[in-house]
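If you read the sequence shown in the UniProt record's numbering, its first letter stands for residue 1, the second for the next number, and so on.
Beta carbons are placed, not taken as given, at the ideal position from N, Cα and C, and that holds for glycine.
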Amino acid sequence: MKYVIIGNSVAGINAATAIRQNDTQGEILIISDEQTRPYSRPLLPNWVIGEVSFSQERMFYRRNDFFEKNNIKTLLGKKVESIDTKAKIVSISNSESLPYDKLIITSGASAILPKNIVGIELEGIHTLTNIKGARKLKENLDNIGSIVIVGAGLIGTKMAYDLSKIGKKVVLVELAKRVLFPALDDYAAGLIQEELKENGVEIILNDSVVQLNGDEKVSEVVLASNKKIPCDACLLSVGVFPNIPFVDENIKVDRGIVVDDYLKACDDCYAAGDVASVYDIVANIRRPIPILPLAAKEGFISGLNASGSEVKFNGGFAMNSIEIGNIGFISMGLIESDNDEVLEYKKDNEYRKFIIRDNRLIGVILVNNVEKVGMFNWMIEKGFDVSWIKDTFLNSDFGWKYFDKAFRVLRLDRKLKG
């Protein structure tokens, strides 16, 4: 049996790990257009400013000997040009055709470069979704005194704080009315915004970039409001799109690759991670949910199913976390609602919010009190009936002790049995 995996990040290596669990003899080939072993993309901002290095193991998802120990072949620095799911062939950048028995697509996502922005082709425009973009920014840091960051999502907000911390003048531009939209509500985002401002970041909301000016290299950003911002560089962080230009007509695409409950896209072809359009159990729609834990889970399940298992993927939901200075948060599921029960606790820089529908927890925001995140994640995932315990959610000591002993023993037993 020959397995081909397109993509060498967290979904791809988890797929390979799962295959080896079922099939110790089959041939596994991982194809990637990058030259490095699987690294942590969430740590790229930390790497850019020198907080971590590529000599540290925590930058990587697997040890250097992972592929050899598991008899996994890699084809690095090669771009997939096309796939033929009827003939079961993957064509790569040197015109080589690679046959497969089972294919798993885990090719991730790339940064959106808005084509409507005049001057988008200038030098000094950066993105930060892979090591290539991160290296370009890192190598130019000494020549950057001021930078405009477009988009206040997780990457943009994190980089705004980090670059300001090392002495750069940072302007953060966001189209929405708050930073980290839609990961946070107004109150939680306000706490982050204050932390950013206290650390020297200028924030411009409800505005967008329409033009980039400069002689070969960007030197000015023009906003829709006609405000002009001089700069040495511009970081675009306005979202991502799935890396799937190579898929054929047998694979249905709707924002991402449409898969069934077993992550199958078509006969003998699976998809996982940022490329897969999966079921969101909170929003009740199918869409890509580009978060690390789900990519790992989807990757593993796709590998199991490609190698003979029949494991159902029950869906997931949005989850975001970040630490900005003295403010750390985690949000899950729905973060705002006018039609559901909402519980809130606010004191200084601590904030807890719970959204409940039909006695099921469907949304959580935790700011500077995130210790119980695993418990709330479990409640959302399982659709747990919280009618009898929700009134204690805001208690400072809320935890498993609020559940009776019989329930705790049962849950521990199920966890130990897998």
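query: Cβ shell of Asn250 (< 6 angstroms), same chain only, five flanking positions each side left out; result: Thr85 and Cys266
query: Neighbourhood of Thr392 by C-beta, 8 angstroms cutoff - its chain only, sequence neighbours within 5 removed; result: Phe398 and Tyr402
query: Cα-Cα separation between Ser55 and Asp338, rounded to whole angstroms; result: 49 angstroms
query: Residue nearest to Thr129 in terms of C-alpha spacing, selected from Glu198, Asn243 and Ser97; result: Asn243
query: Buried versus exposed call for Trp388 [16 or more other C-beta atoms within 10 Å across all chains shown]; result: exposed
query: For Thr24, the three-state DSSP class (helix, strand or coil); result: coil
query: Buried versus exposed call for Val148 [16 or more other C-beta atoms within 10 Å across all chains shown]; result: buried
query: Three-way DSSP call (helix, strand, coil) for Tyr3 in this model; result: strand
query: Of the residues Lys390, Glu81 and Ile30, the one placed nearest Pro245, counting alpha carbons only; result: Glu81
query: Residue interval of the beta strand (DSSP E) (run including Gly374); result: No beta strand (DSSP E) contains Gly374, which is instead part of the alpha helix (DSSP H) from Val373 to Lys382.
query: C-alpha distance - Tyr269 paired with Asp248, whole-angstrom precision; result: The question names Tyr, but residue 269 is Cys in the sequence shown. So the two alpha carbons sit approximately 11 angstroms from each other.
query: DSSP state of Ala271 mapped onto helix, strand, coil; result: strand
query: Nearest-angstrom Cα separation, counted from Lys158 out to Val48; result: 11 angstroms
query: Residue range of the unbroken beta strand (DSSP E) whose run includes Thr74; result: Ile72 to Leu76
query: Beta-carbon spacing of Tyr351, Leu191 below 8 angstroms; result: yes
query: Supposed contact pair Gly315 and Tyr279 - C-beta distance, whole angstroms, cut 8 angstroms; result: 4 angstroms
query: Nearest-angstrom Cβ-Cβ length linking Leu98 and Glu34, presumed shorter than 8 angstroms; result: Rounded, the Cβ-Cβ distance is 18 angstroms, inconsistent with contact.
query: Contact under 8 angstroms by Cβ, Asn349 with Asn320; result: no
query: Segment limits, alpha helix (DSSP H) that includes Gly156; result: Leu154 to Lys165
query: Burial state of Thr24 (16 or more Cβ within 10 Å); result: exposed
query: Chain-order list of residues whose beta-carbon lies under 7 angstroms from that of Lys224 (same chain, five-residue window excluded); result: According to the sequence as given, residue 224 is Ala; it is not Lys. Around Ala224: Asp207, Ser208 and Val210.
query: 4-residue-minimum alpha helix (DSSP H) runs that sit fully inside the region 266-342, ordered along the chain; result: 292-306
query: Bounding residues of the beta strand (DSSP E) (the contiguous stretch that carries Ile49); result: First-last for Ile49: undefined, no H or E at that position.
query: Selection from Gly273, Asp261 and Asn359 that minimises the alpha carbon distance to Ser9; result: Gly273
query: Lys136 versus Asp142 - alpha carbon distance; result: 12 angstroms
query: Through-space distance from Ile203 to Ile289, alpha-carbon basis; result: 27 angstroms
query: Lys382 burial status per 10 Å Cβ neighbour count (16 or more: buried); result: exposed
query: Exposure of Asp162, with buried meaning 16 or more beta-carbon neighbours within 10 Å; result: buried
query: Cβ pair Arg219, Ala15 closer than 8 angstroms; result: The question names Arg, but residue 219 in the sequence shown is Ser. No. Outside cutoff.
query: Proximity winner among Ala111, Val150 and Gly308, relative to Cys231 (alpha-carbon distances); result: Val150
query: Gly363 beta carbon less than 8 angstroms from that of Gly333; result: yes
query: Distance CB(Arg20)-CB(Asn70) smaller than 8 angstroms; result: yes
query: Terminal residues of the beta strand (DSSP E) in which Tyr351 lies; result: Glu350 to Arg357
query: Which listed residue (Leu43, Leu29, Thr17 and Lys2) has its alpha carbon closest to that of Leu292; result: Leu43
query: Cα-Cα separation between Asn22 and Leu304, rounded to whole angstroms; result: 7 angstroms
query: Beta-carbon contacts of Ile324 that lie in its chain and below 8 angstroms, excluding the five residues immediately before and after; result: Thr157, Lys158, Tyr161, Ile192, Glu195 and Leu196
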